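In this note's numbering, the protein residues as written are 20 to 340.
By construction, the Cβ of each residue, glycine as well, lies at the ideal position given by its N, Cα and C atoms.
Remember, it's a predicted structure, so these values are computed and weren't measured experimentally.
A quick write-up on the structure given underneath.
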Ligand SMILES: *Cc1c(COP(=O)(O)O)cnc(C)c1O
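Here you go:
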């Protein structure tokens with residue numbers, strides 16, 4: 020097997036992100052709940068995509084790209100963070116976004132504007148249309164002597180998922196400093212890369228820890244996540260079998276992707292009022308609702324150590340339908 024450190028990346032995030040115990044939530048749920056503050060990755064308003072972009076943008080540069088193209092919904096945190104990281108590296112970002120949800124100048128669209136990103140909306144529900152448009156843009160760029168690098172939605176390809184394998188190695192080191200072992204990690208499953216990387220990372224560095232992904236979208240993650248785990252494992256020449264049944268999912272999508280749910284909204288208020296920490300309605304609020312639902316169904320023992328991954332999303336808080 021390869022060492023993770025053998026795969027090159029560009030440092031972009033401020034690491035390690037903080038990890039500490041949530042005393043009030045722990046008392047409320049009668050177990051030990053910790054938080055990993057990946058909302059504090061240190062670029063723009065922070066968030067999980069920065070770790071993925073460390074690998075993806077290294078690859079972009081290695082291929083000689085000066086433009087980076089990516090996609091998502093109108094309020095995509097991933098697209099916004101891609102623009103922010105591209106700026107830091109002196110690259111240009113073109114964001115080809117679905118014209119769905121809040122596409123007016125609110126939330127992440129304010130940030131995209133400040134960042135100077137080239138935002139192009141496509142009126143479609145199908146990513147195939149978006150990727151076709153990205154191909155066209157890359158052809159135009161090439162005819163002008165530039166090179167575009169395409170990042171699929173969420174950066175959820177094997178290379179991007181390595182960012183979360185690396186995050187778990189960071190968590191393992193922090194757990195050792197705190198002299199504890201984590202029994203559970205709970206993270207969001209939005210396009211699957213964070214979950215896949217975290218689950219593979221747990222296999223490598225924290226074997227006794229169970230990773231649960233909380234679905235905030237309806238895609239078939241029971242296939243997508245193990246598939247992405249296998250592709251990510253292949254980059255490391257890790258060849259132990261990864262079965263579809265190894266992946267744990269809880270569904271908290273509610274009325275739909277990027278549509279606030281009553282459980283998610285209640286969970287946001289619970290964490291804000293117990294700990295003074297802010298979640299978002301699209302990803303982390305629903306994910307924390309998943310953790311609360313697991314706690315009330317008896318998934319955690321009183322002496323368990325449970326880690327909640329705060330993956331960011333602050334920009335979306337100001338663009339709620
Ligand atoms: C993208 C995103 C997620 C989900 O991560 P995936 O790797 O796409 O599953 C979770 N939280 C926030 C804030 C995000 O922007």
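For residue 61, verify whether its CB is less than 7 Å away from any heavy atom of ligand 1. Indexing the chain shown from 1 puts residue 61 at position 42. Outside the cutoff, so no.
Ignoring anything shorter than 4 residues, give me the alpha helix (DSSP H) runs that lie fully in the segment 246 to 326, in order along the chain. For the segment 246 to 326, whole alpha helix (DSSP H) runs of length 4 or above, ordered along the chain, are 281 to 294, 303 to 315.
Cβ-heavy atom distance between residue 207 and ligand 1 below 7 Å? On the chain shown, position 188 is the one that residue 207 refers to. Within the cutoff, so yes.
Can you check which of these residues, 147, 292, 136, is closest to residue 117 by C-alpha distance? Numbered from its first residue, the chain shown carries residue 117 at position 98. Closest by C-alpha distance to residue 117, out of 147, 292, 136, is 147.
Expected contact under 8 Å - CB spacing of residue 44 and residue 282 to nearest Å: Along the chain shown, one-based indexing puts residue 44 at 25. Along the chain shown, one-based indexing puts residue 282 at 263. Not really, about 16 Å apart at Cβ, beyond 8 Å.
Should residue 67 be counted as a contact of ligand 1 given a C-beta to heavy atom distance under 7 Å? Taking the first residue of the chain shown as 1, we reach residue 67 at position 48. Within the cutoff, so yes.
Where does residue 329 fall in DSSP's three states? Looking up residue 329 in the chain shown gives position 310. Assigned with DSSP and collapsed to three states, residue 329 falls in strand.
Local conformation of residue 68 per DSSP, three classes: Stepping through the chain shown from its first residue, residue 68 is reached at position 49. In the structure shown, residue 68 sits in a helix (DSSP, three-state: H, G or I).
Any beta strand (DSSP E) of 3 or more consecutive residues that is wholly inside the segment 199 to 236: With a minimum length of 3 residues, the continuous beta strand (DSSP E) runs that stay inside the segment 199 to 236 are 203 to 208, 229 to 234.
Alpha carbon of residue 330 to alpha carbon of residue 173, nearest angstrom: Taking the first residue of the chain shown as position 1, residue 330 is located at position 311. Taking the first residue of the chain shown as position 1, residue 173 is located at position 154. Distance from the CA of residue 330 to the CA of residue 173, rounded to the nearest whole angstrom, comes to 12 Å.
Can you list the beta strand (DSSP E) stretches of 3 or more residues lying completely in the segment 39 to 126, in chain order? Segments of the beta strand (DSSP E) lying fully in the segment 39 to 126: 51 to 56, 86 to 91, 111 to 117.
Can you tell me whether DSSP reads residue 170 as helix, strand or coil? Counted from its first residue, the chain shown places residue 170 at position 151. Residue 170: strand per DSSP, three-state reduction.
Just to check my reading of the structure: residue 305 and residue 280 have Cβ atoms closer than 8 Å, yes? What is that Cβ distance to the nearest angstrom? Locating residue 305 in the chain shown gives position 286, where the first residue counts as 1. Locating residue 280 in the chain shown gives position 261, where the first residue counts as 1. Indeed, because the Cβ distance is near 6 Å, the residues count as touching under 8 Å.
Helix, strand or coil for residue 139? Go by DSSP, reduced to three states. The sequence position of residue 139 within the chain shown is 120, counting from 1. Residue 139: strand per DSSP, three-state reduction.
Below 6 Å CB to CB, which residues in the same chain sit around residue 318 once its five sequence neighbours on both sides are set aside? Counted from its first residue, the chain shown places residue 318 at position 299. Within its own chain, no residue has a Cβ closer than 6 Å to the Cβ of residue 318 once the five positions on either side in sequence are excluded.
What separation, rounded to the nearest whole angstrom, lies between the Cα atoms of residue 286 and residue 308? As a first step, residue 286 must be located in the chain shown, where it is residue number 267. As a first step, residue 308 must be located in the chain shown, where it is residue number 289. Spanning the two alpha carbons is a distance of roughly 5 Å.
Just to confirm, are residue 246 and residue 272 a CB contact at a threshold of 8 Å? Counting from 1 along the chain shown, the entry for residue 246 is found at position 227. Counting from 1 along the chain shown, the entry for residue 272 is found at position 253. Not closer than 8 Å, so no.
My understanding is that residue 366 touches residue 217, with C-beta atoms under 8 Å, so please give their C-beta distance in whole angstroms. Residue 366 is absent from the model: the chain starts at 20 and stops at 340.
Apart from the five residues just before and just after residue 82, which ones in its own chain have a Cβ nearer than 8 Å to its Cβ? Stepping through the chain shown from its first residue, residue 82 is reached at position 63. Excluding positions up to five away in sequence, the list reads 166, 168.
If the criterion is Cβ atoms closer than 8 Å, does the pair residue 210 and residue 130 meet it? For the purposes of this step, residue 210 is taken as the residue at position 191 of the chain shown. For the purposes of this step, residue 130 is taken as the residue at position 111 of the chain shown. When the beta-carbon positions are compared, residue 210 and residue 130 stay at least 8 Å from each other.
Would you say the beta carbon of residue 96 comes nearer than 7 Å to a heavy atom of ligand 2? For the structure depicted, ligand 2 is absent and the ligand set comprises only ligand 1.
Through-space distance from residue 126 to residue 47, alpha-carbon basis: Against the chain shown, residue 47 aligns to sequence position 28. Against the chain shown, residue 126 aligns to sequence position 107. Whole-angstrom Cα-Cα distance: 32 Å.
Between the CA atoms of residue 163 and residue 260 - distance to the nearest angstrom: What you label residue 260 is simply residue 241 of the chain shown in a count that begins at 1. What you label residue 163 is simply residue 144 of the chain shown in a count that begins at 1. Taking the straight line joining both Cα atoms gives about 46 Å.
What does the Cβ neighbour count give for residue 55, buried or exposed, with the cut at 16 atoms within 10 Å? The count along the chain shown starts at 1 and reaches residue 55 at position 36. Looking at its Cβ environment, which holds 16 or more other Cβ atoms inside 10 Å, residue 55 is buried.
For residue 178 and residue 284, which I take to be in contact (beta-carbon distance under 8 Å), what is that distance rounded to the nearest angstrom? Here residue 178 refers to the residue found at position 159 of the chain shown. Here residue 284 refers to the residue found at position 265 of the chain shown. Between residue 178 and residue 284, the beta carbon gap of about 35 Å keeps them out of contact (Cβ cut-off 8 Å).
Does ligand 1 have even one heavy atom less than 7 Å from the beta-carbon of residue 213? Along the chain shown, read from residue 1 onward, the residue named residue 213 stands at position 194. True, at least one ligand heavy atom lies under 7 Å from that Cβ.
With a threshold of 7 Å, establish whether the CB of residue 299 neighbours any heavy atom of ligand 1. For the purposes of this step, residue 299 is taken as the residue at position 280 of the chain shown. Checking the Cβ of residue 299 against ligand 1 gives yes.
Residue 32 in three-state terms, based on DSSP: Within the chain shown, numbered from 1, the residue matching residue 32 stands at position 13. DSSP places residue 32 in coil when its eight states are reduced to three.
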